[in-house]
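Step one of this worksheet: look at the structure below.
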Amino acid sequence: MNVIINYFKDIFQGVWSLIQGMRVTGYYFFHPRQIVTQQYPENRDKLVMFERFKGEVIMPHDENNQHRCTGCGICEINCPNGSIEILTETVINEEGKKEKRIDKHIYHLSMCTFCGLCVKTCPSDALAWGNEFEHAVYDRHKLTKVLNQPGSSLKKEPKSTAKEIKA
Amino acid sequence: MSTETSTLNLFIGENDEYIINMGPQHPSTHGVLRLELALKGELVERVVPHVGYIHRGIEKMSEKLPYPQIIHLTDRMDYLSALMNNEAVCLAAESALQVEVPERVKYVRTILAELQRLASHQLWWCAFGMDLGALTTFFYGLRDREKILDIFEESFGSRLLHSYYLPGGLMHDIHPNFQKRVKEFLKYFRKKLPEYDQLLTGNVIFQNRVKGIGLLSKEDAISYGVTGPSGRGSGFACDVRKHQPYSAYDKVEFTECLHTDGDTWARYKVRVQEMWESMHIIEQLIDNIPEGDYTAKMKAIIKLPAGEYFQRVETARGELAVYIVSDGNKTPYRIHFRTPNFSNMFVMSKIGVGCKIADLVALGGSLDLVIPDIDR
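Those protein sequences? They're chains G and L, same order as listed.
Quick note on numbering: the first sequence equals residues 3 to 169 in the numbering used here.
Quick note on numbering: the second sequence equals residues 709 to 1084 in the numbering used here.
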């Protein structure tokens, strides 16, 4: 007799446990506002990334097309896998003295591991993190970027943070 | 661990054994792990794990890198406990340099480690349900994990591979919203965690799949070095946070979740219980984060004095130990990681014997393996 009772008890308990689970899914079926799924490609216009989001390394330029990179090469040394190459050139400035300045700040996005050491260690706050995250391209050479814009020059002013330039 | 004989016997099959490979591309091994199974009917006679498919030589690479640059490689071992891996290297370097890190750093590191543990256990929970055929759990677990990842993203800009710590402290300070967001999350998750029990824990099909599967005795857990929730499911008290407190774990009160059954069900219960404990730990610390610097004063080039340094931390999967041999240069002479998953996985060759193949999936899921951590 006990066997039969247990048999039906098991069935009842099994069905009851399934109903418990269905209650959770059923609740969200009738409360669609609580569903948090984001419709990604459609909501692209409204999508705001967090301020500190590590999308890619950028070099902020101000309105006069000036940046803060002195070409010291500390970011290049601190990069664990060589994603940064600094090319400098020697020019003669207005006072007739030789001056070393940055020619190209080459950033290989394809090799970057986003560890953040270049941005952290930059002594003149020339680098910052950009929020761009859609990096897919058809040609991998497009992932090698020159961070200083053409025709840009070094900003010679008392220190302010790179974030201020960006803003 | 694959011996010469086992490789030779592959596909030949002694005593009518049927030899089959589970993996390297199998959804339930959660990565590129190959289990060589010898079957008799549906019963597993022998399990021989083959590892190395995703070996990247992190230990060797680290010998060429200065200490701050090693941190980002440790992210890529156990990517679901990235912050704890970072912490292990940082703590080892700090103890070698005898640097006292600010209290704020200790508190933040502890909170972040527990948040990471929660996120990891949530992902384990949903993947475990999915392994056993309950696909619904996957979406519920990821829904809550997303909240933690948002907190991480706001504070340090990345969701999975953080590299947020440096020897001496943090890379930059936590976001001003951090405390508010964590408190919001805890309030939210305290309501949502009972849903996990309703959905999966009480489910009779799930219980029948996991109860009594993969019995691991306490002796075996100790001799195989199974740590973390998998070891605690067998009654092996191995919580480093409790027995060798680091960071701010000596300031908080929590219970070490122990179950003595040693089966898959016990390991499941330990992990769910640990989620409650993690929330309890964060609640004790979140209001008391002291003001102060986010890093100790460090030299630009970190050189560890010659010697050997050892540090253990508790990751979401068990005990991670870092062993650094330094010869006084800015790079380590040798660095070794004792990763939890390596030992946890090889116990499958012991407790997988006698299971059915479908049970092996449940067993593998309950050990919560992360394959890059095995191969590193």
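Where a beta carbon is used, it is the ideal one built from N, C-alpha and C, also for glycine.
By the three-class DSSP mapping on this structure, what secondary structure does residue i have?
i	result
glutamine 1019 (chain L)	strand
phenylalanine 944 (chain L)	coil
lysine 100 (chain G)	strand
aspartate 928 (chain L)	helix
lysine 977 (chain L)	helix
aspartate 724 (chain L)	coil
tyrosine 787 (chain L)	helix
lysine 814 (chain L)	helix
tyrosine 109 (chain G)	strand
asparagine 67 (chain G)	coil
tyrosine 761 (chain L)	coil
tyrosine 872 (chain L)	coil
arginine 867 (chain L)	coil
alanine 169 (chain G)	Bear in mind that the predicted position of alanine 169 (chain G) carries a pLDDT of just 41, short of 50, making it too unreliable to give a figure here.
lysine 1038 (chain L)	coil
lysine 772 (chain L)	coil
alanine 128 (chain G)	coil
tyrosine 1031 (chain L)	strand
alanine 956 (chain L)	coil
arginine 754 (chain L)	strand
valine 17 (chain G)	helix
threonine 90 (chain G)	strand
alanine 842 (chain L)	coil
arginine 949 (chain L)	helix
Name, please, each residue of chain G whose Cβ falls closer than 8 Å to the Cβ of residue i.
i	result
glycine 920 (chain L)	Ordered by position in chain G, no residue passes the 8 Å Cβ test against glycine 920 (chain L), which lies about 16 Å from the chain.
glycine 910 (chain L)	Ser19, Gln22, Gly23
Determine, for residue i, whether the minimum Cβ-Cβ distance to residues of chain L falls below 7 Å.
i	result
threonine 92 (chain G)	no
arginine 54 (chain G)	yes
lysine 122 (chain G)	yes
threonine 115 (chain G)	yes
proline 82 (chain G)	yes
valine 148 (chain G)	no
glycine 28 (chain G)	no
glycine 16 (chain G)	yes
serine 155 (chain G)	no
Can you round the beta-carbon distance between residue i and residue j to whole angstroms, since I take them to be within the 8 Å contact cut?
i	j	result
tyrosine 1002 (chain L)	leucine 908 (chain L)	In fact, because the Cβ distance is near 39 Å, the residues do not count as touching under 8 Å.
lysine 1011 (chain L)	asparagine 1037 (chain L)	7 Å
threonine 1047 (chain L)	arginine 1084 (chain L)	6 Å
valine 1021 (chain L)	tyrosine 954 (chain L)	6 Å
leucine 1028 (chain L)	asparagine 793 (chain L)	6 Å
Taking Cβ-Cβ distances shorter than 7 Å, what residues in chain G pair up with residue i?
i	result
proline 776 (chain L)	Leu119
phenylalanine 864 (chain L)	Arg54
serine 938 (chain L)	Within 7 Å Cβ-Cβ: nothing; serine 938 (chain L) doesn't reach chain G, min ~26 Å.
histidine 780 (chain L)	Pro82, Thr115, Cys117
threonine 844 (chain L)	Thr27
Of all the options the options, which has the alpha carbon lying nearest to the alpha carbon of residue i?
i	options	result
proline 82 (chain G)	L:Asp783, L:Gln777, L:Val797, L:Asp786	L:Gln777
lysine 814 (chain L)	L:Tyr957, L:Lys900, L:His758	L:Tyr957
tyrosine 873 (chain L)	L:Lys1005, L:Ala800, L:Gly849, L:Glu795	L:Glu795
isoleucine 882 (chain L)	L:Gly1000, L:Thr1039, L:His763	L:Gly1000
aspartate 928 (chain L)	L:Asn1052, L:Val755, L:Tyr726, L:Gly739	L:Asn1052
valine 755 (chain L)	L:Arg764, L:Leu745, L:Ile762, L:Gly749	L:Leu745
threonine 987 (chain L)	L:Gly765, L:Arg851, L:Arg898, L:Ile921	First, the amino acid is wrong: residue 987 (chain L) is methionine here, not threonine. Measuring from the Cα of methionine 987 (chain L), the nearest candidate turns out to be L:Arg898.
leucine 840 (chain L)	L:Asn916, L:Ser770, L:Lys895, L:Tyr775	L:Asn916
leucine 966 (chain L)	L:Gln952, L:Cys946, L:Trp984, L:Lys959	L:Cys946
proline 902 (chain L)	G:Lys11, G:Glu44, G:Phe10, G:Gln22	G:Gln22
Which residues of chain G have a Cβ atom closer than 9 Å to the Cβ of residue i, listed in chain order?
i	result
arginine 851 (chain L)	Ile37, Val38, Thr39
methionine 785 (chain L)	Here the premise fails: no neighbours, minimum Cβ distance about 14 Å.
leucine 763 (chain L)	For clarity, residue 763 (chain L) is histidine in the given sequence; the question names leucine instead. What histidine 763 (chain L) touches in chain G: nothing, since even the nearest Cβ is about 18 Å away.
threonine 972 (chain L)	Within chain G, no residue comes near threonine 972 (chain L); the closest Cβ sits about 18 Å away, beyond 9 Å.
histidine 883 (chain L)	Phe52, Glu53, Arg54
If we define contact as Cβ-Cβ less than 7 Å, is residue i a contact residue for chain G?
i	result
methionine 987 (chain L)	no
serine 789 (chain L)	no
glutamine 906 (chain L)	yes
arginine 1012 (chain L)	What sits at residue 1012 (chain L) in the sequence shown is leucine, not arginine. Closer than 7 Å: no.
histidine 829 (chain L)	no
glutamate 903 (chain L)	yes
methionine 792 (chain L)	no
glutamate 1027 (chain L)	no
serine 770 (chain L)	no
methionine 879 (chain L)	yes
serine 1034 (chain L)	no
glutamate 861 (chain L)	yes
leucine 773 (chain L)	yes
serine 803 (chain L)	no
serine 871 (chain L)	yes
For a contact meaning CB atoms closer than 8 Å, what does residue i contact in chain L?
i	result
glycine 132 (chain G)	Residues of chain L passing the Cβ test: none, with the nearest at roughly 11 Å.
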